[in-house]
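Since the structure comes first, as structure tokens, the remarks are kept for the end.
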Amino acid sequence: MNEDGMYCIDGGRPFVERLTEMASDAMAVVAWGACASWGCVQAAKPNPTHAVPIDKVIRNKPIVKVPGCPPIAEVMTGVITYVTMFGRLPDLDRQGRPKMFYSQRIHDKCYRRPHFDAGQFVEEWDDEGARKGFCLYKMGCKGPTTYNACSTTRWNGGVSFPIQSGHGCIGCSEDGFWDKGSFYDRLTGINAFGIERNADQIGLAAAGIVVAGIAVHAGITAVRQLTTKPKDTIKTIASEPTDKNAG
Ligand code: SF4
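Just so you know, the sequence shown maps onto residues 1 to 247 in the working numbering.
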């Protein structure tokens, strides 16, 4: 946006002009990827070119955000298929993302989640825990604060996804992920929804006597059972980030 769009020239004209032109007759605009949805790396501080997401340019049309760096192919085609099939936009969350793909965290469906709950963490790359496929939270995994479908649809036709390859989620579909410090910094304070505890606390408990660990697990299960009613209410709470910068 700086210098009247001169930092992004496409076909001899500022792209912002072409975008405005193309959007004028559109029913809605789909913002593919973290760049179109949030600005991404070229919007990183101090953002000298004043790179902005599409919704800061096109303000009179619905914007469907499909973030990710890159977004998942099945998610992209799923959104387009929904629009062409039903002639309307899918339900969006308050950040403009289709709920059908972005209403749950990577952490909610991660196959390593049992290790998180059991306090079994990778402490160093290639340690025994890494070889056993333990949770990558302590290696900086951003799965607990990232809303996307990676752990459900996976990638390349369902073959794998970053966590399955042994690397933590970097939160690439969340707003501002490029300015939130190292990919390897451990998240802190993720005591979400009353069932998770700080990973260090869980790890300490697991390092104690086994009986204590079983009791904690049983307690968590009991809390989960209690909190499943009313079901819809819990689903709504768990589906929504607490604020715009939840990631
Ligand atoms: S912290 Fe990461 S690796 Fe561990 S369960 Fe959550 S999403 Fe999976």
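Backbone N, C-alpha and C define an ideal beta-carbon position, used for all residues, glycine too.
Of all alpha-carbon atoms in C35, I58, Y7, the one lying nearest the alpha-carbon of M22 is that of I58. In the DSSP assignment, I80 falls within the unbroken alpha helix (DSSP H) covering 73 to 86. Boundaries for W155: no beta strand (DSSP E) harbours it, and the DSSP string shows neither H nor E there. Per DSSP, W178 lies in no alpha helix (DSSP H) and is assigned neither H nor E. Taken atom to atom, the span from the alpha-carbon of G143 to that of C110 is near 8 Å. The beta-carbon distance between R112 and G133, rounded to whole angstroms, is 6 Å. This is short enough to meet the 8 Å contact definition. For W38, the enclosing alpha helix (DSSP H) begins and ends at 33 to 38.
With 16 or more other Cβ atoms from the protein chains shown falling within 10 Å of its own Cβ, N148 counts as buried. Cβ neighbours of W32 within its own chain (closer than 7 Å, five residues either side excluded): V66, P71, M76. For a cut-off of 8 Å, the C-beta gap from A34 to S173 is around 7 Å, short enough to register as a contact. Per DSSP, the continuous beta strand (DSSP E) segment holding K65 begins and ends at 63 to 66. Taking a C-beta distance under 8 Å as the contact criterion, I190 and T145 qualify as a contact pair.
The closest CA to that of I106, considering only F161, R13, E3, is found on F161. Around the C-beta of V29, 16 or more other C-beta atoms lie within 10 Å, and the residue is accordingly described as buried. With a cutoff of 8 Å on beta-carbon distance, P98 and V64 are scored as near each other. Scanning its chain for C-beta atoms nearer than 8 Å, with the 5 sequence neighbours on each side dropped, one finds around N47 the residues G39, in chain order. In chain order, the residues positioned with their C-beta nearer than 6 Å to some heavy atom of ligand 1 are I106, H107, C110, R112, R113, F116, C135, L136, Y137, C141, G143, P144, I163, G168, C169. Following the DSSP letters along the chain, one finds V16 inside the alpha helix (DSSP H) bounded by residues 15 to 23.
Buried is the label assigned to M139, since at least 16 other Cβ atoms lie within 10 Å of its Cβ.
For Y184, the CB contacts under 6 Å within the same chain, skipping 5 residues up- and downstream, are G140 in chain order.
Minimum Cα-Cα distance from E17 among the listed residues T84, M6, I170 corresponds to M6. By the neighbour-count definition (other C-beta atoms within 10 Å, threshold 16), S182 is an exposed residue. Beyond the five residues adjoining it in sequence on each side, D93 comes within less than 7 Å, by CB distance, of K99, Y102, S103, E240 in the same chain, given in chain order.
Apart from the 5 residues on each side of it in sequence, A130 sits with its Cβ closer than 8 Å to the Cβ of V122, E124, G166 in its chain, given in chain order.
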